[in-house]
Amino acid sequence: MQAAAQNSKLFREYIGAQFNNVKFSDVPINPDVEFHFILAFAIDYSSPSTSSNFPTNGKFNIFWDEQYLTPAHVSSIKSRHSNVKVGLSLGGATVGGKPVYFKPSSVDSWVSNAVTSLTKIIKQFHLDGIDVDYEQFSADPDSFTHCIGRLITTLKNNGVISYASIAPYNDDQAQSHYKALWRSYGHHIDYVNFQFYSYDTSTTVTQFLKYFEEQSSNYEGGKVLVSFLSHESGGLAPNKGFFTACERLKSQHKLHGIFVWCADDSLANGFPYEKKAQSLLASAS
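In UniProt numbering, the protein residues as written are 1 to 285.
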């Protein structure tokens, strides 16, 4: 696969993980970008209504703020904005304050359960795609590769989703799993939501661009999106040079899109960086 040497107008934002009543309609949407909301998270753990959560081998439950992000809300935001798609993210870092582990009993049983449970949720909520954001693993890279790869290809082949992304970050164990998945199934993965905010807060523009090249090499041929945190510190912050780095990438035709963690944190300050990011993307060519 050859690296995609072109800019994109893709903007993506995670939403719903913090349970602070954020709604799709709270987030500013520039009509001149391709906008993806990513519901965070669907997790193959026991239901959030139970007192203790445990892995359920691919049987996914909804762990986002379902009260404010309902199927009706999905339909409404998509009908009002023709440039909006909505997906869901799998896994995440924690559930009930404890780590979420990718823990399949077997590849076949996990894939079967995941296809069934996710198809039901995706159809119920009128969703378009999935994002894979497991961050802790109780299985080797080979098992992860076959489970996630087969899940993505099955959902696509069944017409359930139109796109899939992965969300690796700066961690050796995580990278070993996601890079193995990429080597076998990269041609089925549309976007790489690399968590550049997993780098140190002292990151400079020059370092950020170096990290981007490294991850573009790790996920060769992929559309590696750049990213920032809207609230907590991490990586190259939007007020410390992130947009300068984006302009550099845009001038090199390497700006494949921007994603943000997360709308929940941006709600209190009025989404200034989301507006700036989308404006920058809208002018990309």
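For glycine and all other residues, C-beta sits at the position ideal for the given N, C-alpha and C.
Are the beta-carbon atoms of H177 and T145 separated by less than 9 Å? yes
Decide if G96 is buried, meaning its Cβ has at least 16 other Cβ atoms within 10 Å, or exposed. exposed
Considering only their Cβ atoms, is the gap separating I152 from residue 287 smaller than 9 Å? Residue 287 lies beyond the residue range present for the chain, which begins at 1 and ends at 285; the question has no answer from this structure.
Taking a contact to mean a Cβ-Cβ separation below 9 Å, would you say D26 touches F271 in this structure? yes
Evaluate the contact criterion for the segment 116-126 versus the segment 56-63: three or more CB pairs, one atom per stretch, below 8 Å. yes
H253 in three-state terms, based on DSSP: coil
Give me the Cβ distance between I258 and F11, rounded to the nearest whole Å; I'm assuming they're in contact under 8 Å. 6 Å
In DSSP terms, what R12 is bridged to: H36, F259
Cβ of S217 within 9 Å of Cβ of N30? no
Beta-carbon separation of L236 and T204 under 9 Å? yes
Does DSSP classify Q6 as helix, strand or coil? coil
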